[in-house]
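In what follows, a single structure is set out as structure tokens and then discussed.
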Amino acid sequence: MKVLVAGGTGFIGTNLCAELHDRGHEVTALSRDPNDSDLPSGVTAAMGDVSAPDSIADAVAGHDAVVNLVALSPLYQPRGGADHETVHLGGTENLVRVAEDADVERFLQMSALGADPDGETDYIRAKGKAEAVVTDSNLEWTIFRPSVVFGDGGEFVSFAKRLTTPYVTGLPGGGKTRFQPIWVGDLVPMLADALEGDDHVGRTYEVAGPQIVTLADVTELAYEADGRSVTILPVPMAVAKLGLTAADPLPFVPFGADQARSLTFDNTVADNDVTAFGLEEADLTTLRSYLEGSPADSRHTDRSTA
Ligand SMILES: NC(=O)c1ccc[n+]([C@@H]2O[C@H](COP(=O)([O-])OP(=O)(O)OC[C@H]3O[C@@H](n4cnc5c(N)ncnc54)[C@H](OP(=O)(O)O)[C@@H]3O)[C@@H](O)[C@H]2O)c1
Numbered sequence: 001m002k003v004l005v006a007g008g009t010g011f012i013g014t015n016l017c018a019e020l021h022d023r024g025h026e027v028t029a030l031s032r033d034p035n036d037s038d039l040p041s042g043v044t045a046a047m048g049d050v051s052a053p054d055s056i057a058d059a060v061a062g063h064d065a066v067v068n069l070v071a072l073s074p075l076y077q078p079r080g081g082a083d084h085e086t087v088h089l090g091g092t093e094n095l096v097r098v099a100e101d102a103d104v105e106r107f108l109q110m111s112a113l114g115a116d117p118d119g120e121t122d123y124i125r126a127k128g129k130a131e132a133v134v135t136d137s138n139l140e141w142t143i144f145r146p147s148v149v150f151g152d153g154g155e156f157v158s159f160a161k162r163l164t165t166p167y168v169t170g171l172p173g174g175g176k177t178r179f180q181p182i183w184v185g186d187l188v189p190m191l192a193d194a195l196e197g198d199d200h201v202g203r204t205y206e207v208a209g210p211q212i213v214t215l216a217d218v219t220e221l222a223y224e225a226d227g228r229s230v231t232i233l234p235v236p237m238a239v240a241k242l243g244l245t246a247a248d249p250l251p252f253v254p255f256g257a258d259q260a261r262s263l264t265f266d267n268t269v270a271d272n273d274v275t276a277f278g279l280e281e282a283d284l285t286t287l288r289s290y291l292e293g294s295p296a297d298s299r300h301t302d303r304s305t306a
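The numbering of the sequence shown is our numbering, which starts it at 1 and goes up by one.
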């Protein structure tokens, strides 16, 4: 299959490109400034900006499948004029239209857990509206809504560290927001399976890891892995929101009101759709074992908070 991975130079993208190439597919990674040397060997780079449809039409032409992994991180404030509506919604509209015009068959959309056109953050609303664009298309679509994804090059663990300081630190609401992080090495084979199999067409999958952890757990695990300890002190959510809202316009503060809001709701699944790919939660890698450096030996059976 000839697959174009938009956002293929990013964290999940480079892992997916490598997986698809290993499975024998012809893979092109598209981004605004791709560099062949940063891509897995055998993967071709294409330059294009999903917010400018003319810039992606040639790259999309001739492909059997398109994967949309383009991202503006929800963890940090967008900079340089980009916003979630333009990149996640407008970018999806452009990719879908261009793919339809080019007679692409398959379209895999990376959404996010909690995606909702009426949701609480700009990111979640744009992701929700983008899903509707995909489901209304005439492409053979599959949508993934993962919880946070961790792995080499991911920003979830570094986010917890940037939000805090070692030894004694404050976290909004005491860091009680719950996540169900999934390892990129567990996620990408499911994405590749979805592209290859007919069973996944027209399906939306909520996928997450084997363990529910709070932001405080993640912070402690991250510092533990560095051989340091940390004591978490609660910062009332209202105070954190006020502080981050006030910091919104400051270019050197990477968090803002939207990020504060994102810490007020949990990021966990009710039913884990990894079962649609023949997996059980116990088959998946825990954040702790990844941080301890043994993801391959990290099968876990306890689904409780770390
Ligand atoms: N990582 C997570 O924890 C997580 C959780 C849930 C959902 N997701 C979703 O998974 C997808 C991939 O996330 P990720 O963590 O791999 O993101 P990432 O590492 O930030 O990669 C984003 C990719 O998008 C490209 N990009 C950004 N703006 C673009 C534009 N206007 N036109 C073309 N390419 C553009 C980037 O390259 P350039 O900047 O060089 O153009 C890069 O290749 C996203 O849809 C994200 O929302 C991620």
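From the three backbone atoms N, C-alpha and C, an ideal C-beta is built for every residue, glycine too.
Mapping DSSP to helix, strand and coil, what is residue i?
i	result
P117	coil
T135	helix
A52	coil
F150	strand
F179	strand
F252	Note on F252: pLDDT 49, under 50, position unreliable in the model; the coordinate value appears next. Looking at F252 - three-state DSSP - the assignment turns out to be coil, as it is neither helix nor strand.
M1	coil
N308	Any answer about residue 308 is impossible in this case: the structure gives the chain only from 1 up to 306.
N272	coil
A57	helix
Alpha carbon to alpha carbon, how far is residue j from residue i? Give it in angstroms, no decimals.
i	j	result
T28	V3	6 Å
G128	D64	25 Å
Q180	G90	28 Å
D83	M190	29 Å
D101	D118	30 Å
G154	S137	31 Å
G42	H21	7 Å
N68	L263	25 Å
L16	I232	36 Å
G10	G151	12 Å
L95	I56	8 Å
D199	G227	45 Å
T285	D186	7 Å
N267	T214	10 Å
A115	G197	24 Å
A59	T44	11 Å
F159	L291	15 Å
Closest by CA to residue i, which one among the options?
i	options	result
V134	D152, T204, L195	T204
L287	L221, S262, D36	L221
A130	S111, E120, D122	S111
L113	R228, N272, P40	N272
A208	V269, D36, E85	V269
L39	A59, R125, A18	A18
R23	R261, V274, V188	V188
F313	V98, E206, R97	Since the displayed the chain opens at 1 and closes at 306, residue 313 lies outside it and no answer follows.
F107	M1, A46, S229, M47	M1
V316	A99, D49, D54, I12	Look at the range of the chain in this structure, 1 to 306, and you will see that residue 316 is not part of it.
Would you list the residues sitting across from residue i in a DSSP beta bridge?
i	result
F156	Note: F156 sits in no beta bridge, so no partner.
Y205	F144
Q211	DSSP lists no partner for Q211.
K127	Beta-bridge pairing links K127 to no other residue.
N35	N35 pairs with nothing; no bridge assigned.
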